[in-house]
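Chemist: Quick note on numbering: the numbering used here labels position 215 of the sequence shown as 225, and the sequence is numbered without any gaps.
Just so you know, even glycine gets a beta-carbon here, dropped at the ideal spot from N, CA and C.
Got a structure for you, questions after.
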Amino acid sequence: MPRFTSYSETLDYMFSQLPMFHNIGKAAYKADLNNTIALLKAIGNPHIDQKWIHVAGTNGKGSVSSMLAATLTQHGYKTGLYTSPHLLNFTERIRIDGKCIDEKTVIDFMNEIHETLDRIQPSFFEITVALAFYHFRAEKIDIGVIEVGLGGRLDSTNVITPILSVITNIGWDHMDLLGNSIDKIAAEKAGIIKRGVPVALGPMRNEAMDVMKAVSIENNAKIYHDLAVDVGFIRRLALKGNYQLENIQTFAYAIEALKDLWIPLKRSLIMEALENVVSLTGLRGRWEVISKNPWTVTDIAHNSDGVNYTMDQLRDQYVKAVEVWKHNLIENHNSAIEINAQPPIIRMVWGMVSDKDRKEILSLLPKDAVYYFCKPTVIRGLNAAELATEGHKIGLAGMAFDDVQTAYFVALKDARPQDLIYVGGSTFVVADLLLHLQ
11 MPRFTSYSET LDYMFSQLPM FHNIGKAAYK ADLNNTIALL KAIGNPHIDQ KWIHVAGTNG
71 KGSVSSMLAA TLTQHGYKTG LYTSPHLLNF TERIRIDGKC IDEKTVIDFM NEIHETLDRI
131 QPSFFEITVA LAFYHFRAEK IDIGVIEVGL GGRLDSTNVI TPILSVITNI GWDHMDLLGN
191 SIDKIAAEKA GIIKRGVPVA LGPMRNEAMD VMKAVSIENN AKIYHDLAVD VGFIRRLALK
251 GNYQLENIQT FAYAIEALKD LWIPLKRSLI MEALENVVSL TGLRGRWEVI SKNPWTVTDI
311 AHNSDGVNYT MDQLRDQYVK AVEVWKHNLI ENHNSAIEIN AQPPIIRMVW GMVSDKDRKE
371 ILSLLPKDAV YYFCKPTVIR GLNAAELATE GHKIGLAGMA FDDVQTAYFV ALKDARPQDL
431 IYVGGSTFVV ADLLLHLQ
């Protein structure tokens, strides 16, 4: 194949010619590590002889990875961070001390492996994992935080031998690939546990924890779990989703493990890292309030556990909004205009991908909200009219829109100052919105 000459040409090839879970889902998943191993061998095995922290879990792994990377950066370690998927730009996936990989490195890497591409036909994810290791070696990082893409045991990232494994939690997601029971899903995630390597385990269901403990004991891996958590961590964390309370526990267990590995970490610097985690890592889309008038939040929660958490928090926010509305109505009763005389309404801009359990997830959403169903711009995006039909069956009233941007701006046009807008249902819905607003 010809060599790549521009970044746009390179990305176009990666997104359109390679099997990509982002677009086609299960068909892009490869149930072995052979391609990744072959690809890494072709570029000199950059993942070997490096310090890694490996992070898996159904929910929270991106947040925990970012907290850990921010903490290490704050302590002066040159820290690589690999996460997926991206929200705005491909280069977000690979960062060093918060700085995204540059476009030239992406082009150079693809040209270096261009002959290998024809020979082994790797997937998009296999290439991005190899690119991360390639970049981290070239830049001589001190340590890298690597987020698992999907599962654990057969994930392309599972070629490393880390100094610490971290598993945030186990929930219902990707059952068609990982198994249809919690213990089967847990067994796949536990596949990142390595012999003699300590593991930090976040709060999780008992049946999942039983699997984790059994695999850890079998591999002589010291478990860090159920330890005291510094309340200061919770207070200083810039991420305000209620689900971050579980993530901060996982983070705290990982910090204790790192201290036992003789990595000196100071409480004051940990606090600063948590307070500045967004600027230090670029993390977005986690209960991110993008407007206060009307109050608007966006979140990437896309499975039943994640959506449960965010809907609970949205209901809490609605109660607060009603109290504020009542107070303002009393204070301004003589000048209140008719549009503000009605109580707040939740306006849900909601889209999904086609391989999620839409009935289960839609059942978790508030029935008294107004819905703006939409389709994210990925091949797997669920048709908005189909989603609206499913929603209407269970009492979710609203209209369908061809894209996220239109749905959002109609919701914004309809919203009064006292209303709340929630944008979510899929990482790709959030990505579409943030890309349009940037």
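For the beta strand (DSSP E) that contains leucine 211, what are its first and last residues?
Modeler: 209 to 211 is the extent of the beta strand (DSSP E) around leucine 211.
Chemist: Who are the near neighbours of glycine 401 in its chain, counting only those whose CB is closer than 7 Å to its CB and skipping five residues on each side?
Modeler: Leu372, Tyr381, Phe383 and Gly408.
Chemist: Compute the Euclidean distance between the alpha carbons of asparagine 121 and glutamate 149, then round it to the nearest angstrom.
Modeler: When rounded, the distance between both Cα atoms is 18 Å.
Chemist: Should the segment 95 to 109 be regarded as contacting the segment 287 to 296, the criterion being three or more beta carbon pairs within less than 8 Å?
Modeler: Yes, since at least three Cβ pairs between the segment 95 to 109 and the segment 287 to 296 fall closer than 8 Å, the two stretches touch.
Chemist: Considering lysine 302, what are the terminal residues of the alpha helix (DSSP H) in which it resides?
Modeler: That residue, lysine 302, is in no alpha helix (DSSP H); its beta strand (DSSP E) goes 298 to 302.
Chemist: Taking the C-alpha atoms as reference points, what is the distance between leucine 284 and isoleucine 244?
Modeler: Cα to Cα, leucine 284 sits roughly 9 Å from isoleucine 244.
Chemist: Using 8 Å as the Cβ pair cut-off and three pairs as the minimum, do the segment 136 to 155 and the segment 228 to 240 touch?
Modeler: Segments in contact, no.
Chemist: In the DSSP assignment, what are the bridge partners of arginine 105?
Modeler: Its beta-bridge partners are Leu91 and Cys110.
Chemist: Run through the segment 35 to 87 for me and flag every whole beta strand (DSSP E) of 3 or more residues, listed as ranges in chain order.
Modeler: Runs found: 62 to 66.
Chemist: Just the C-alpha distance for phenylalanine 134 and proline 95, rounded to the nearest angstrom, thanks.
Modeler: Taking the straight line from one Cα to the other gives about 11 Å.
Chemist: For alanine 238, does the three-state DSSP call read helix, strand or coil?
Modeler: Coil, per DSSP.
Chemist: For valine 363, tell me which candidate among Lys377, Leu50, Lys423 and Arg390 has the shortest Cα-Cα distance.
Modeler: For the residues Lys377, Leu50, Lys423 and Arg390, the minimum Cα distance to valine 363 belongs to Arg390.
Chemist: Considering only the beta carbon of each residue, do isoleucine 356 and leucine 447 sit closer than 7 Å?
Modeler: The answer is no: Cβ separation not under 7 Å.
Chemist: According to the Cβ coordinates, are leucine 237 and glutamate 266 closer than 7 Å?
Modeler: The answer is yes: Cβ separation under 7 Å.
Chemist: Alanine 267 by DSSP, collapsed to three states: which one?
Modeler: It is helical.
Chemist: Is the segment 157 to 175 touching the segment 80 to 90 in the sense that three or more CB pairs, one from each, lie closer than 8 Å?
Modeler: As far as the Cβ criterion goes, the segment 80 to 90 does not touch the segment 157 to 175, which means the pair count is below three.
Chemist: Look at glycine 212 and threonine 260 and say whether their C-beta atoms are less than 7 Å apart.
Modeler: Against a cut-off of 7 Å, the Cβ pair of threonine 260 and glycine 212 comes out as a contact.
Chemist: For valine 332, collect the residues of the same chain with a Cβ closer than 7 Å to its Cβ; drop the 5 residues on either side in sequence, then sort them by chain order.
Modeler: Here the set comprises Pro353 and Pro354.
Chemist: Kindly indicate which three-state DSSP category leucine 174 falls into: helix, strand or coil?
Modeler: Strand.
Chemist: When the Cα atoms are used, what is the spatial distance from aspartate 424 to alanine 410?
Modeler: Taking the straight line joining both Cα atoms gives about 15 Å.
Chemist: Taking the C-alpha atoms as reference points, what is the distance between alanine 5 and leucine 339?
Modeler: In this structure the chain extends from 11 to 448, so residue 5 is not present and cannot be described.
Chemist: Helix or strand or just coil, what does DSSP make of valine 307?
Modeler: Three-state result, valine 307: strand.
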